[in-house]
């Protein structure tokens, strides 16, 4: 006969989940990445005279700025929501 599976004890405070996070899970990772790419596209689109694909970089800059603003706002909301969960009245 097969032995019944034993349940693993669960941590009540969720500390295991906190330790397993990576830098890619941080809410500010995507906004910082998008702002960096927008700066790069903006430089190539308006300030670099040697680039051949100027219009590609200008359109990319516009799209990346819009996405960076959107995800920055989402990141701030998520961060504030996490902080609000930890500060509940007793």
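Numbering (the numbering used here), first residue to last: 1067 to 1156.
For glycine and all other residues, C-beta sits at the position ideal for the given N, C-alpha and C.
Being a predicted model, the structure only gives us computed values, none of them experimental.
Residue i in three-state terms, based on DSSP
| i | result |
| --- | --- |
| residue 1118 | coil |
| residue 1093 | coil |
| residue 1069 | coil |
| residue 1140 | helix |
Same chain only: Cβ atoms within 7 Å of residue i, ignoring 5 sequence neighbours per side
| i | result |
| --- | --- |
| residue 1103 | 1130 |
| residue 1133 | 1100 |
| residue 1117 | 1110, 1123 |
| residue 1120 | 1111 |
| residue 1069 | none |
Integer-rounded CB distance, given that residue j should sit under 8 Å from residue i
| i | j | result |
| --- | --- | --- |
| residue 1093 | residue 1145 | 6 Å |
| residue 1126 | residue 1107 | 4 Å |
Closest by C-alpha distance to residue i, when choosing among the options
| i | options | result |
| --- | --- | --- |
| residue 1135 | 1069, 1071, 1091, 1097 | 1097 |
| residue 1128 | 1091, 1105, 1150, 1087 | 1105 |
beta-carbon residue i near the ligand GDP non-hydrogen atom, thresh 8 Å
| i | result |
| --- | --- |
| residue 1144 | The model on display carries no ligand, and the ligand GDP is accordingly not part of it. |
>> When you compare the region 1133-1142 with the region 1109-1123, are there three or more beta-carbon pairs, one atom per stretch, that lie closer than 8 Å?
In response: Contact fails between the region 1133-1142 and the region 1109-1123, because fewer than three Cβ pairs, one in each stretch, are under 8 Å apart.
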